[in-house]
Amino acid sequence: MQKIRTAMLGTGFMGIVHTDAIRRLGNVEVAAVAGSSDSKAKAFADQLYIDRSTGDWESLLKDPSIDAVHICTPNALHAPMAKIAIANGKHVLCEKPLTMTSGEAKELLDAAEARGIVHATNHNLRYYPVVQHVRQMVASGELGEILAVQGTYSQDWLLYDTDYNWRIEAEHNGKLRAMGDIGSHWMDMIQHLTALPITSVCGELTTFHKTRKKPKGSVQTFSGKTLSPDDYEAIPIDTDDFGAVLLHLGDRARGSFTVSQISAGNKNSFRFEIYGTKSGISWNQERPDELWIGHRNSPNQVIVKDPSLLIGGAAGFADLPGGHSEGYDDSHKQLFKRFYGRIANRSNPIDYPTFADGLRGMLLLEAVAESSAKRGWVDVNL
Ligand SMILES: NC(=O)c1ccc[n+]([C@@H]2O[C@H](COP(=O)([O-])OP(=O)(O)OC[C@H]3O[C@@H](n4cnc5c(N)ncnc54)[C@H](O)[C@@H]3O)[C@@H](O)[C@H]2O)c1
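Taking our numbering, I'd label the letters of the sequence shown as residues 240 to 621.
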């Protein structure tokens with residue numbers, strides 16, 4: 240069988256995670272990689288045994304031997320890269336948030352649909368097996384009518400004013416930082432699980448570090464060196480470290496969540512709780528194989544991932560037997576399996592997040608930004 244040939248754009252954290260997950264599918268070859276320079280791309284290709292590398296992503300996207308592309312670059316590059324990929328007939332799997340604006344996301348969705356390519360936004364966190372068990376519980380009515388949702392996505396990697404990354408700069412990231420980076424996952428997840436659209440938001444975004452100390456370029460290569468004040472330049476910051484949002488979902492459900500990149504001790508503490516008229520559930524990404532189920536009139540339960548015990552179609556999202564954990568990297572593999580399954584056979588269902596979900600995410604982020612700016616509720620028509 241001929242393998243699908245894919246190209247990786249971006250050589251950072253996600254470039255590595257995607258390459259690994261793609262290779263575990265078996266029917267897809269990572270045929271080439273594009274980085275921000277020839278040398279960065281070559282170093283990545285050498286490390287991961289990829290045949291071809293380039294610093295010129297645009298010419299790679301024009302290569303007829305490439306079938307699909309993964310966009311794993313800073314957010315500002317998603318739309319320009321996806322646009323050219325679509326124009327050249329490539330199937331596109333793009334990291335979240337899909338774009339910098341909802342206008343760009345709509346343009347990509349329309350172009351992808353018109354060209355008939357397969358498109359996905361990488362909300363991989365949907366694909367932990369017990370998370371899919373929650374989806375089945377909600378769908379089968381085990382929780383009853385959904386009344387309330389709560390949660391957070393909290394991290395601590397930007398706690399100090401000396402912590403720095405491209406995400407801090409709106410030009411590369413978009414105006415919403417913590418909310419765009421991890422709030423986008425939280426809002427996608429809660430809508431995916433409850434099948435209820437978010438209809439109104441009331442949010443507040445906060446920047447605690449109004450100035451951050453950016454290491455000067457030359458210093459970054461001195462590993463282990465203790466930086467002195469001269470090694471930094473002060474940069475004014477206008478992207479959010481923290482955000483809090485009240486929500487309306489569907490006709491009647493209510494909720495709230497926070498996002499934070501300054502919460503000491505939280506690494507990727509993505510938590511949600513869903514409460515219905517019959518029972519409730521609670522999940523934390525830092526303990527991904529466990530699910531708490533709460534009852535009013537009987538003892539609460541904690542179940543652990545075991546495909547033989549997952550309900551409905553949830554077992555199809557677990558590839559290992561019970562007791563063997565399936566984590567973050569597996570969530571990417573599960574999404575990619577469905578994306579490439581659709582490329583291989585168009586009669587396969589679209590059971591992965593598409594550019595339409597990416598567009599919905601951008602509309603919600605813009606609503607949160609508007610709400611925070613005007614200090615009031617904003618309705619969203621998704
Ligand atoms: N789904 C998830 O769980 C998840 C997790 C982390 C990041 N992300 C998303 O993935 C994307 C990348 O984030 P990351 O953490 O890998 O960042 P990163 O900084 O580790 O990597 C970004 C890469 O893009 C490369 N790049 C920059 N300009 C380029 C250009 N012109 N051409 C080619 N490559 C270029 C950089 O050299 C770097 O290798 C972001 O959109 C982010 O939101 C998603």
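For each residue, glycine too, the CB sits at the ideal point set by N, CA and C. None of the values given here were measured: they were computed from a predicted structure.
Confirm the yes/no value for this check: CB of residue i, any heavy atom of ligand 1, distance under 8 Å.
i	result
K279	yes
G251	yes
N622	Only positions 240 to 621 of the chain appear in the structure, and residue 622 is not among them; the question remains open.
E472	no
T438	no
W425	no
A273	yes
L364	yes
What are the boundary residues of the alpha helix (DSSP H) that includes residue i?
i	result
Y579	567-583
W296	296-300
Ends of the beta strand (DSSP E) at residue i?
i	result
L485	481-488
W531	529-534
F509	508-515
H358	358-360
T258	Careful: T258 lies outside any beta strand (DSSP E), inside the alpha helix (DSSP H) at 252-262.
Using beta-carbon positions only, say whether residue i and residue j come within less than 9 Å of one another.
i	j	result
G249	T312	yes
A595	L415	no
I630	Q430	Only positions 240 to 621 of the chain appear in the structure, and residue 630 is not among them; the question remains open.
A315	A344	no
F556	A260	no
Q540	I532	yes
N266	A473	no
I305	T258	no
W522	V377	no
L435	L488	yes
R413	T445	Note that residue 413 corresponds to Gly in the displayed sequence, not to Arg. Taking 9 Å as the Cβ cut-off, G413 and T445 do not qualify as a contacting pair.
Y392	S508	yes
As a quick exercise: from the options, pick the residue whose alpha carbon is nearest that of residue i.
i	options	result
K242	G251, A270, H257, A260	A270
L386	R493, R406, G419	R493
Y514	S292, A378, V388	V388
H448	S499, R614, H487	S499
K517	R581, R451, G380	G380
K301	L348, T245, D528, D285	T245
M418	S611, L299, Y567	S611
Ignore the nearest five residues each way along the sequence and tell me which others in residue i's own chain have a CB closer than 7 Å to its CB.
i	result
R599	L621
M320	L248, W296, I310, T312
M570	Looking at the sequence provided, one finds Ser at residue 570 rather than Met. Closer than 7 Å at the Cβ level, and outside the excluded window around S570, lie N363, L364, Y366, Y367.
G390	W425, F496, R510, F511, E512
A409	D477, T478
K281	S292
Y399	none
Excluding the 5 residues preceding and the 5 following residue i in the sequence, name in chain order all residues of the same chain whose CB lies nearer than 6 Å to its CB.
i	result
V373	L432, I520
C441	L485, S610, W616
Going by beta carbon distance, what residues of the same chain come within less than 8 Å of residue i, once the five residues before and after it are set aside?
i	result
R262	V269
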